[in-house]
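Positions 468 to 620 (the numbering used here) are the ones given, in order, by the sequence shown.
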Amino acid sequence: MPVTIRPAEPSAAEIAALAKLRYDTFFAGGERTLEQDRDEIGNFIRNQGYEIALVAEQDGRLAGTCLFVREEIDPQHDVSPWLAGLVVVPEFRGRGIATLLVGAIEVHARSLGCERLHLYTYGAEGLYASLGWQAIERFRDDHGLCVLMAKDL
């Protein structure tokens with residue numbers, strides 16, 4: 468079945484599923500709790516407009532998500548806007564879903580008049596480079612080697 472990319476819905480079930488996916492991928496073992504992320508992503512989804520949370524679905528199931536945000540959670544650079552929180556559910560990886568989500572975020576950013584997008588990555592520089600993103604800076608933070616990347620739209 469085809470993959471559907473759409474804005475996240477403010478339903479309790481969708482917010483819970485997105486928070487769990489995000490927590491397991493980005494925050495488990497850290498100071499941020501699942502409840503904190505559920506509350507924050509829920510507020511974010513209920514107030515979408517300029518900023519947006521996109522969801523990928525395949526076979527009626529959550530396959531991935533990605534955000535377009537003004538500010539990163541813990542920015543090391545004073546730039547904006549950001550592609551953030553890209554994650555694909557492990558069983559759906561290798562199907563081009565990350566590429567579809569990144570492309571949809573880029574389309575959204577262009578529709579708002581954005582000329583450049585930024586992101587941080589710890590292990591997906593190759594993916595983003597294959598999609599036309601450029602590495603701007605490499606640096607170490609509490610999570611390891613991080614790459615600031617940008618793409619002119």
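Each residue gets a CB set at the ideal place from its N, CA and C atoms; glycine is no exception.
As the structure is a computational prediction, the values presented were derived from the model and not from experiment.
Check, Outcome
"Counting C-beta neighbours from all protein chains within 10 Å, is the total for T532 16 or more, i.e. buried, or is it exposed?", "buried"
"Could you check whether V569 and A551 sit closer than 9 Å to each other, using their CB atoms as the reference points?", "no"
"May I ask you to report which of helix, strand or coil DSSP gives R562?", "coil"
"Answer with buried or exposed for M616, where buried requires no fewer than 16 other C-beta atoms within 10 angstroms of its C-beta.", "buried"
"Less than 7 Å between C-beta atoms, sequence neighbours within five positions excluded: which residues of the same chain meet that for I482?", "R505, I508, G509 and I512"
"The alpha helix (DSSP H) spanning Y595 covers which residue range?", "E592 to S597"
"For my contact list, L567 and A523 are in at a C-beta cut-off of 8 Å; report their separation, rounded to the angstrom.", "6 Å"
"Taking buried to mean at least 16 other C-beta atoms within 10 Å of its own C-beta, is P557 buried or exposed?", "exposed"
"Around the C-beta of I603, are 16 or more other C-beta atoms found within 10 angstroms, so that it is buried, or is it exposed?", "exposed"
"Hey, how far is the Cα of I472 from the Cα of Q601?", "25 Å"
"Quick one: using the 10 Å Cβ neighbour count with 16 as the cut-off for buried, is P548 buried or exposed?", "buried"
"For V614, count the other beta carbons within 10 Å of its own beta carbon; 16 or more makes it buried, fewer makes it exposed. Which is it?", "buried"
"Inspect the beta-carbon positions of V470 and I564 and report whether they are closer than 9 Å.", "yes"
"Distance, Cα to Cα, E498 vs P474?", "28 Å"
"For L598 versus F606, is the C-beta distance shorter than 9 Å?", "no"
"Start and end of the beta strand (DSSP E) containing I482?", "Taken as a continuous stretch (DSSP letters only), I482 belongs to no beta strand (DSSP E), being part of the alpha helix (DSSP H) at A479 to R489."
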